[in-house]
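Colleague:
In the working numbering, the protein residues as written are 3 to 136.
Given below as structure tokens:
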């Protein structure tokens with residue numbers, strides 16, 4: 003399981019558990035990576051392209067004085083309701099423990115006990131063994 007800090011988006015989403023990153027064809031390279039293999043919504047993401055982020059040059063949204071901003075709160079609401087994932091909890095964990103510890107926690111959280119593969123945040127079943135995990 004190869005999570006890295008390059009796969010953690012400014013909003014706290016781990017791109018390593020995104021369906022676009024995990025799929026076989028036209029695999030996304032992650033939100034903040036340099037390259038052309040990104041899904042359209044990542045290229046035009048209002049959080050990643052935020053003027054506060056660009057002028058302050060911070061890495062994660064929790065470092066911003068406007069945290070949590072309305073954009074992040076909307077993303078939080080959507081991800082909690084649809085995928086049972088709190089980006090604000092992710093950012094608070096990064097802030098409290100650091101990115102290296104957060105990545106260790108993510109590895110443990112997203113490794114499926116049945117087959118050892120990475121689970122997808124956007125699906126309720128394992129992409130490898132097709133077993134429900136939620």
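Even glycine gets a Cβ: it sits at the ideal position worked out from N, Cα and C.
1) Is it true that the stretch 35 to 45 meets the stretch 68 to 77, where meeting means three or more beta-carbon pairs spaced less than 8 Å apart?
2) Is it buried or exposed, residue 53, if we count other Cβ atoms within 10 angstroms and call 16 or more buried?
3) Along the alpha helix (DSSP H) that carries residue 95, what are the first and last residues, could you check?
4) Under 8 Å Cβ to Cβ from residue 1, same chain only, skipping five residues before and after it: list those, please.
5) Can you grab the Cα-Cα spacing for the pair residue 41 / residue 17, in whole Å?
6) Around the Cβ of residue 77, are there at least 16 other Cβ atoms within 10 angstroms (buried) or fewer (exposed)?
7) Is the CB-CB distance between residue 101 and residue 10 below 9 Å?
8) Rounded C-beta distance between residue 30 and residue 44? I'm assuming under 8 Å.
9) Looking at the secondary structure, which residues open and close the alpha helix (DSSP H) in which residue 58 lies?
10) Return the Cβ separation of residue 125 and residue 21 in integer angstroms, given the expectation that the two are a contact with Cβ distance under 8 Å.
11) Shortest alpha-carbon distance to residue 24 belongs to which of 136, 134 and 123?
12) May I ask you to check if the CB of residue 129 is nearer than 8 Å to at least one heavy atom of the ligand SAM?
13) Is it right to say residue 108 is buried, meaning 16 or more other beta carbons lie within 10 angstroms of its own, or is it exposed?
Modeller: Taking the geometry as given:
1) Two segments are said to touch when three or more pairs of C-beta atoms, one from each, lie closer than 8 Å; by this definition the stretch 35 to 45 does not touch the stretch 68 to 77.
2) Residue 53 is exposed by the Cβ-count criterion.
3) For residue 95, the enclosing alpha helix (DSSP H) starts and ends at 89 to 99.
4) Here the chain covers residues 3 to 136 and nothing more, so residue 1 does not appear.
5) Taking C-alpha positions only, residue 41 is separated from residue 17 by approximately 11 Å.
6) Residue 77 counts as buried, since no fewer than 16 other beta carbons sit within 10 angstroms of its beta carbon.
7) A contact, by the Cβ cut-off of 9 Å.
8) Contact flag correct, Cβ pair sits at about 7 Å.
9) 53 to 58 is the extent of the alpha helix (DSSP H) around residue 58.
10) Sure, about 7 Å apart at Cβ, within 8 Å.
11) For residue 24, the closest C-alpha among the options 136, 134 and 123 is that of 123.
12) Of ligands this structure carries none, so the ligand SAM is not represented either.
13) By the neighbour-count definition (other C-beta atoms within 10 Å, threshold 16), residue 108 is a buried residue.
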